[in-house]
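Scroll down for the structure; my scribbles are underneath it.
Numbering (our numbering), first residue to last: 110 to 583.
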């Protein structure tokens, strides 16, 4: 701006004391001289500047291409444990022989929960049988391992004890069709015919309690919750098929959700749950959540940039730097064979704060230089003023995270790998791409007189008046 303005109060003119010196000091540090010499070379000819910008754009384009080929969103819970943890050994054996607890599969149990229903009624019991059969019919449920249904086993036990126990008189049974839909889903091994009667009525709860106390029923004692003389919650257990990646697990979760939605009218409040569903849901929403989080960060950066940098071109260049660095970091995930999950996403969000720090100072210093100088000179002076502090910030950040590379836990190694990309991409864009880009497309150069020039002109005029006065006296 002309005259230069104070930031963020860009309506207030700046005095010459607020402006950086136009003269490059003789005794500058070696690092400063190297950085200034680098920018002098990169901005010495438009072809060199253009090639530098194209190089950074190509790297971002390659990163975008790699991400478009497919970015895994898997999350292995074992990444949170040390490499030599006994728990990791257990999970490795589980994964080898039974499918794996941490990635879903044959070892992942699921259950259909029915809440606050009158289980003693014939209609609810029929719905329970049909819903259990529907659960077994899902592509994501392992039909080989079968259904663990307390209700089917209880019904068969009740028929064997019909008229023997006081809780199981003949009047407690209601006849049903043995070929009814859904009844075969929970039949135990060796049984091929469905029960011809179901237990209903007032003695149902007592009969269930007696069944759960038997050796046969103890296997289901956690499947029926009785509170205040009522059955509050029941569950029917099943097992999912083996899944190998996050895409399959998201499909699994969505199929289960669609199934339970179909049964909300007949069994309101019912749901299917498994311990790993929380991870499957993370795989489904991670991209959306990352996009929203990064978008909010960029909006905050835009607001601060408008206040601090004032000039639209400077703001756009800073936003372009952030976009390119973000794309490079996505490529960094592919380069390290990592996955986009909660761990790497935390680093991506934090990267915005670090990268904007590297870029904003350089862009701000560029805008403070004398408006009568060419853009290339602006970049040189900005590098002289801010290059060394930015480089030291990048270096110290790298040294701070370097010990994480030797961690015994994968989660900390992921932090190192992500932060290595952050300091490399953020530092190179702040120290190379942004100054070069600003030297070509930065705020327009004006030939108007700056604050310091006004002071020099006034001094020269005053000196001229004195000289004229002395001549007149002579």
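Ideal Cβ placement from N, Cα and C applies to all residues, glycine included.
How far does the beta strand (DSSP E) with residue 344 in it reach, from first residue to last?
-> Translated into the one-based positions of the chain shown, residue 344 becomes position 235. 339-348 is the span of the beta strand (DSSP E), which, as asked, contains residue 344.
DSSP on residue 482, reduced to helix/strand/coil?
-> Within the chain shown, numbered from 1, the residue matching residue 482 stands at position 373. In this structure, residue 482 counts as coil in the three-state DSSP scheme.
For residue 181, which three-state DSSP category applies?
-> For the purposes of this step, residue 181 is identified with residue 72 of the chain shown, where counting begins at 1. Here residue 181 sits in coil by DSSP.
Determine the DSSP secondary structure at residue 273, reduced to helix, strand or coil.
-> Along the chain shown, read from residue 1 onward, the residue named residue 273 stands at position 164. DSSP places residue 273 in coil when its eight states are reduced to three.
Proximity winner among 485, 301, 448, relative to residue 188 (alpha-carbon distances) | The residue given as residue 188 occupies position 79 in the chain shown. If we check each option's Cα against that of residue 188, 448 comes out closest.
Answer yes or no: do residue 158 and residue 495 have a C-beta to C-beta separation smaller than 7 Å?
-> Residue 158 sits at position 49 when you count from the first residue of the chain shown. Residue 495 sits at position 386 when you count from the first residue of the chain shown. No, the pair does not count as a contact, with Cβ atoms beyond the cut-off.
Whole runs of the alpha helix (DSSP H) within the region 507-533, excluding any shorter than 4 residues | none
Proximity to residue 297 [Cα-Cα], best of 321, 266, 356 = In the chain shown, the residue the question calls residue 297 occupies position 188. Among 321, 266, 356, the Cα nearest to that of residue 297 belongs to 266.
Mind checking residue 501: buried by the 16 CB within 10 Å criterion, or exposed?
-> By one-based count along the chain shown, residue 501 stands at place 392. So residue 501 counts as exposed.
Under 7 Å between the Cβ atoms of residue 499 and residue 539?
-> Position 390 of the chain shown holds residue 499. Position 430 of the chain shown holds residue 539. In contact: residue 499 and residue 539 (Cβ atoms closer than 7 Å).
Count the other CB atoms within 10 Å of the CB of residue 195; is the residue buried (16 or more) or exposed (fewer)?
-> Indexing the chain shown from 1 puts residue 195 at position 86. Exposed, by the Cβ-count rule.
For the alpha helix (DSSP H) holding residue 306, just list the boundary residues, first then last.
-> Reading the chain shown from its first residue, position 197 is the one you call residue 306. Run containing residue 306: none in the alpha helix (DSSP H); it sits in the beta strand (DSSP E), 306-308.
Would you call residue 468 buried or exposed, if buried means 16 or more other Cβ atoms sit within 10 Å of its Cβ?
-> Taking the first residue of the chain shown as 1, we reach residue 468 at position 359. So residue 468 counts as buried.
On the DSSP bridge assignment, give the partners of residue 335 in chain order.
-> Position 226 of the chain shown holds residue 335. DSSP output for residue 335 lists 340 as bridge partner(s).
Boundaries (first-last residue) of the alpha helix (DSSP H) holding residue 145 = Residue numbering aside, residue 145 sits at position 36 when the chain shown is read from its first letter. 139-151 is the extent of the alpha helix (DSSP H) around residue 145.
Pick from 146, 169, 149 that is closest to residue 443, judged by C-alpha positions = By 1-based counting over the chain shown, the position of residue 443 is 334. Among 146, 169, 149, the Cα nearest to that of residue 443 belongs to 169.
Can you tell me the Cβ-Cβ gap for residue 191 and residue 518, rounded? I've got them flagged as a contact below 8 Å.
-> The count along the chain shown starts at 1 and reaches residue 191 at position 82. The count along the chain shown starts at 1 and reaches residue 518 at position 409. Indeed they touch by this definition, with Cβ atoms about 5 Å apart.
Reduced DSSP secondary structure (H/G/I, E/B, other) of residue 425 | Here residue 425 corresponds to residue number 316 of the chain shown, with the count starting at 1. Helix, per DSSP.
At which residues does the alpha helix (DSSP H) containing residue 457 begin and terminate?
-> The sequence position of residue 457 within the chain shown is 348, counting from 1. Counting along the chain, the alpha helix (DSSP H) containing residue 457 begins and ends at 451-477.
Would you call the region 359-369 and the region 288-307 touching, i.e. three or more CB-CB distances under 8 Å?
-> no
Shortest alpha-carbon distance to residue 310 belongs to which of 435, 280, 149, 183?
-> Here residue 310 is taken as the residue at index 201 of the chain shown, counted from 1. The residue with the shortest Cα to Cα distance from residue 310 is 280.
Could you give the DSSP three-state label for residue 302: helix, strand or coil?
-> The count along the chain shown starts at 1 and reaches residue 302 at position 193. Of the three classes helix, strand and coil, the one that applies to residue 302 here is coil, per DSSP.
Tell me whether the beta-carbon of residue 354 lies closer than 7 Å to the beta-carbon of residue 183.
-> As a position in the chain shown, residue 354 is number 245, starting the count at 1. As a position in the chain shown, residue 183 is number 74, starting the count at 1. Cβ distance < 7 Å, so residue 354 and residue 183 count as in contact.
Pairing CB atoms from the region 532-546 with CB atoms from the region 144-153, are three or more of them under 8 Å?
-> yes
Under 7 Å between C-beta atoms of residue 476 and residue 420 | Numbered from its first residue, the chain shown carries residue 476 at position 367. Numbered from its first residue, the chain shown carries residue 420 at position 311. Taking 7 Å as the Cβ cut-off, residue 476 and residue 420 qualify as a contacting pair.
In or out: residue 551 buried (at least 16 other Cβ within 10 Å) or exposed?
-> The residue you call residue 551 lines up with position 442 of the chain shown. Residue 551 comes out buried.
Determine contact between the region 269-279 and the region 225-238, defined as no fewer than three beta-carbon pairs at a distance below 8 Å.
-> no
Proximal residues to residue 333 (C-beta, below 7 Å), its chain only, five neighbours per side dropped | Residue 333 sits at position 224 when you count from the first residue of the chain shown. Same-chain partners within the cutoff: 259, 317, 321, 340, 343.
List the residues that DSSP assigns as beta-bridge partners of residue 222.
-> Stepping through the chain shown from its first residue, residue 222 is reached at position 113. 344, 380, per the DSSP bridge assignment.
Would you say the region 374-382 touches the region 395-410, given that touching needs at least three Cβ pairs under 8 Å?
-> no
In the DSSP assignment, find the alpha helix (DSSP H) that holds residue 240 and state where it starts and stops.
-> As a position in the chain shown, residue 240 is number 131, starting the count at 1. Segment 231-245, the alpha helix (DSSP H) holding residue 240.
Assuming residue 406 and residue 464 make a contact with CB atoms under 8 Å, what is their CB distance in whole Å?
-> Within the chain shown, residue 406 is the residue found at index 297, counting from 1. Within the chain shown, residue 464 is the residue found at index 355, counting from 1. Between residue 464 and residue 406 the Cβ distance is about 10 Å, and since that is not below 8 Å, they are no contact.
State the DSSP-derived secondary structure class of residue 353, mapped to helix, strand or coil.
-> Taking the chain shown and counting its residues from 1, one reaches residue 353 at position 244. Residue 353: coil per DSSP, three-state reduction.
So which of 312, 300, 532 has the shortest CA-CA distance to residue 282?
-> Mapped onto the chain shown, residue 282 falls at position 173. Taking only the C-alpha atoms, the option nearest residue 282 is 312.
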